[in-house]
Amino acid sequence: GFLVKENDPDVEFSVRNVQVRAGYVLHIGVMEGVLRTGDIVQLNIDEERRCSVMKNHTGTHMLNFGLREILKEADQRGSLVAPDRLRFDFSAKGAMKVSEVKQVEEIVNKMAEKNGEVYDMNVSLAVAKAIQGLRAVFDEVYPDPVRVVSIGVDVNQLVEDPMGPGASTTSVEFCGGTHLKRAGHIGKMVIVSEEAIAKGIRRIIALTGTEAVKAQHKVDLLEKSLLQLQKDVDEGLKSKSVSEKELTRQIVSFDDEVSQSLISYWKKDELRSKVKKLKQKMDELDKNRKAAVMTEVVEEAKKMIEASPNQKFVVHEFKADANAKALDAAMKQYKALSPETAALFFTVDQSAGKIVCMSCTPKSSIAAGLTANGWINEIVPLIKGKGGGKEASAQATGTNTGALKEAMDIATKFAGLKLS
Numbered sequence: 029g030f031l032v033k034e035n036d037p038d039v040e041f042s043v044r045n046v047q048v049r050a051g052y053v054l055h056i057g058v059m060e061g062v063l064r065t066g067d068i069v070q071l072n073i074d075e076e077r078r079c080s081v082m083k084n085h086t087g088t089h090m091l092n093f094g095l096r097e098i099l100k101e102a103d104q105r106g107s108l109v110a111p112d113r114l115r116f117d118f119s120a121k122g123a124m125k126v127s128e129v130k131q132v133e134e135i136v137n138k139m140a141e142k143n144g145e146v147y148d149m150n151v152s153l154a155v156a157k158a159i160q161g162l163r164a165v166f167d168e169v170y171p172d173p174v175r176v177v178s179i180g181v182d183v184n185q186l187v188e189d190p191m192g193p194g195a196s197t198t199s200v201e202f203c204g205g206t207h208l209k210r211a212g213h214i215g216k217m218v219i220v221s222e223e224a225i226a227k228g229i230r231r232i233i234a235l236t237g238t239e240a241v242k243a244q245h246k247v248d249l250l251e252k253s254l255l256q257l258q259k260d261v262d263e264g265l266k267s268k269s270v271s272e273k274e275l276t277r278q279i280v281s282f283d284d285e286v287s288q289s290l291i292s293y294w295k296k297d298e299l300r301s302k303v304k305k306l307k308q309k310m311d312e313l314d315k316n317r318k319a320a321v322m323t324e325v326v327e328e329a330k331k332m333i334e335a336s337p338n339q340k341f342v343v344h345e346f347k348a349d350a351n352a353k354a355l356d357a358a359m360k361q362y363k364a365l366s367p368e369t370a371a372l373f374f375t376v377d378q379s380a381g382k383i384v385c386m387s388c389t390p391k392s393s394i395a396a397g398l399t400a401n402g403w404i405n406e407i408v409p410l411i412k413g414k415g416g417g418k419e420a421s422a423q424a425t426g427t428n429t430g431a432l433k434e435a436m437d438i439a440t441k442f443a444g445l446k447l448s
């Protein structure tokens, strides 16, 4: 906020931080003009920011309680309360399960729904420490008297019956900060992350108020998009109107969007699990398609051999979508069934902009001057590729798919000259 000198609005102190030290309230910030001892100032609070901070501060207390309910032994190790988020560090033996994070979030939101009053009172430190179930920061030094903040249970009741169950059923902490009047004023809490920051220390980042509403709205949009994507995949595969590669690209793109979205931690996991099933579906289809292509290529190679057994050389394109394994399978057929034939095979994937070629040459061809690597090297510059190998076998990949016909012509002429 701002401290403005009375009757002189040009004299302004912009408050960036406030600390209480030894009974003094210290305002830290930037001065414009001059203020002197005895000057009267008007305090102008940034109410929107203050309200957001209050929501997140009360939210940390509610989160602390939720963690205690689920993890039992979790102790606070630090926190940050900002206008747009809250950060809470706590001790833990390991990572929380997604289901545990969801349970904590649900506990906090149930507290918000109950809308209990947020009580606060200064209490003798000795009396306050006697309250069973009260939470305090490990190794923190507290003043005497100390301020006790309780959600839904009057502090007077806790003081009168410190051994009672009151503090174990709700959030009760030592705290000197600014808070809401009721728990429901946080709106909703959304836990967006849970991660390790050091050995035995975990960190949760959560949203409340308007930021939580934004996160929920994003979830709603993502769920609608996922339903549409599932529909598009089913219809695309059925009608063949969209290529499998395009559908896979859309799935990967959506998965990236989910990963980068600031949404509920458990909701993100739920969405990604559904996306994973779509990926698995496409992977299985791709696996089956490649197996079918492999079978087709092998059968085609066998028919070619039957038609022209042990011809001097063959240059051929297989419709295998740049599948090098399929070319290798065809090459093995020639090595086994037509061992005296030198072979150079091509396959192209136009959508990926990839061309693959593979060659093998028998000893008789090598003796005549046609080596597999020499053959490949003749067409590598044309297909804008890289490759290599030995005299008996070589391969290359390139990006100039439009040069396929010319590359096959050059390969045919080169082999013809060597083996003439």
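This note's numbering puts the first residue of the sequence shown at 29, with every later residue one more than the last. Note that the Cβ used here is the ideal one computed from N, Cα and C, for glycine as well. Just so we're clear, the structure is a prediction, and the values are computed from it rather than from any experiment.
On the premise that residue j lies in contact with residue i, defined as a C-beta separation below 8 Å, what is that separation, rounded to the nearest angstrom?
{"i": "Ala-33", "j": "Leu-54", "result": "For clarity, residue 33 is Lys in the given sequence; the question names Ala instead. In fact, because the Cβ distance is near 19 Å, the residues do not count as touching under 8 Å."}
{"i": "Tyr-362", "j": "Ala-371", "result": "5 Å"}
{"i": "Leu-144", "j": "Arg-175", "result": "Reading the sequence as shown, one finds Gly at residue 144 and not Leu. Incorrect: roughly 18 Å between the Cβ atoms, too far for contact."}
{"i": "Val-126", "j": "Trp-294", "result": "5 Å"}
{"i": "Gly-57", "j": "Val-39", "result": "Wrong, their Cβ atoms sit about 13 Å apart, outside the cutoff."}
{"i": "Asn-137", "j": "Thr-236", "result": "The pair is not a contact, with the Cβ atoms about 10 Å apart (cut-off 8 Å)."}
{"i": "Lys-446", "j": "Ala-395", "result": "About 11 Å separates the two Cβ atoms, so there is no contact after all."}
Hey, residue i and residue j: beta-carbon distance below 9 Å or not?
{"i": "Val-476", "j": "Gly-415", "result": "Since the first residue of the chain shown is 29 and the last is 448, residue 476 is not available in this structure."}
{"i": "Ser-199", "j": "Asn-92", "result": "yes"}
{"i": "Val-129", "j": "Ile-232", "result": "yes"}
{"i": "Glu-324", "j": "Lys-347", "result": "yes"}
{"i": "Met-332", "j": "Met-359", "result": "no"}
{"i": "Asp-181", "j": "Thr-197", "result": "It should be pointed out that residue 181 corresponds to Val in this sequence rather than to Asp. Yes, the pair counts as a contact, with Cβ atoms nearer than the cut-off."}
{"i": "Ala-154", "j": "Lys-216", "result": "no"}
{"i": "Gly-310", "j": "Thr-276", "result": "Position check: residue 310 holds Met in this sequence, whereas Gly was assumed. A contact, by the Cβ cut-off of 9 Å."}
{"i": "Val-343", "j": "Met-436", "result": "yes"}
{"i": "Phe-202", "j": "Arg-163", "result": "yes"}
{"i": "Asp-260", "j": "Gln-278", "result": "yes"}
{"i": "Val-165", "j": "Gly-106", "result": "yes"}
{"i": "Val-151", "j": "Ile-179", "result": "no"}
{"i": "Asn-338", "j": "Ser-366", "result": "yes"}
Which residue from the options puts its Cα closest to that of residue i?
{"i": "Ala-240", "options": "Asp-437, Gly-87, Arg-231", "result": "Gly-87"}
{"i": "Asn-35", "options": "Gly-61, Ile-68, Gly-57", "result": "Ile-68"}
{"i": "Glu-75", "options": "Met-90, Pro-111, Leu-95", "result": "Pro-111"}
{"i": "Phe-373", "options": "Val-247, Ile-404, Pro-171", "result": "Ile-404"}
{"i": "Ala-443", "options": "Thr-425, Ala-422, Glu-406", "result": "Glu-406"}
{"i": "Phe-282", "options": "Gly-29, Leu-254, Lys-266", "result": "Leu-254"}
{"i": "Lys-242", "options": "Lys-268, Ser-292, Ala-226", "result": "Ser-292"}
{"i": "Arg-77", "options": "Leu-398, Ser-119, Phe-30", "result": "Phe-30"}
{"i": "Thr-399", "options": "Glu-133, Ala-422, Lys-315, Ile-225", "result": "Ala-422"}
{"i": "Asp-314", "options": "Gln-104, Glu-274, Gly-430", "result": "Glu-274"}
{"i": "Ala-380", "options": "Thr-425, Glu-188, Ser-393, Lys-391", "result": "Thr-425"}
Examine chain C for any beta-carbon lying closer than 9 Å to the beta-carbon of residue i, and answer yes or no.
{"i": "Met-436", "result": "Absence of chain C from the displayed structure is noted, only one protein chain being present."}
Locate the beta strand (DSSP E) running through residue i, then write down its first and last residues.
{"i": "Tyr-170", "result": "No beta strand (DSSP E) holds Tyr-170; DSSP gives it neither H nor E."}
{"i": "Glu-60", "result": "52-60"}
{"i": "Ile-383", "result": "382-388"}
{"i": "Lys-125", "result": "Segment: none, Lys-125 is in no beta strand (DSSP E) and carries neither H nor E."}
What's the C-alpha gap between residue i and residue j?
{"i": "Glu-419", "j": "Ile-383", "result": "21 Å"}
{"i": "Ser-271", "j": "Thr-427", "result": "20 Å"}
{"i": "Glu-251", "j": "Lys-305", "result": "15 Å"}
{"i": "Lys-302", "j": "Val-280", "result": "12 Å"}
{"i": "Tyr-52", "j": "Arg-210", "result": "28 Å"}
{"i": "Lys-318", "j": "Gly-264", "result": "19 Å"}
{"i": "Ala-320", "j": "Glu-328", "result": "12 Å"}
{"i": "Ala-352", "j": "Glu-134", "result": "52 Å"}
{"i": "Thr-429", "j": "Ser-269", "result": "23 Å"}
Following the continuous alpha helix (DSSP H) through residue i, name the residue where it begins and the one where it ends.
{"i": "Arg-78", "result": "75-99"}
{"i": "His-207", "result": "Neither: His-207 is in no alpha helix (DSSP H) and is coded neither H nor E."}
{"i": "Ser-393", "result": "391-395"}
{"i": "Phe-442", "result": "432-447"}
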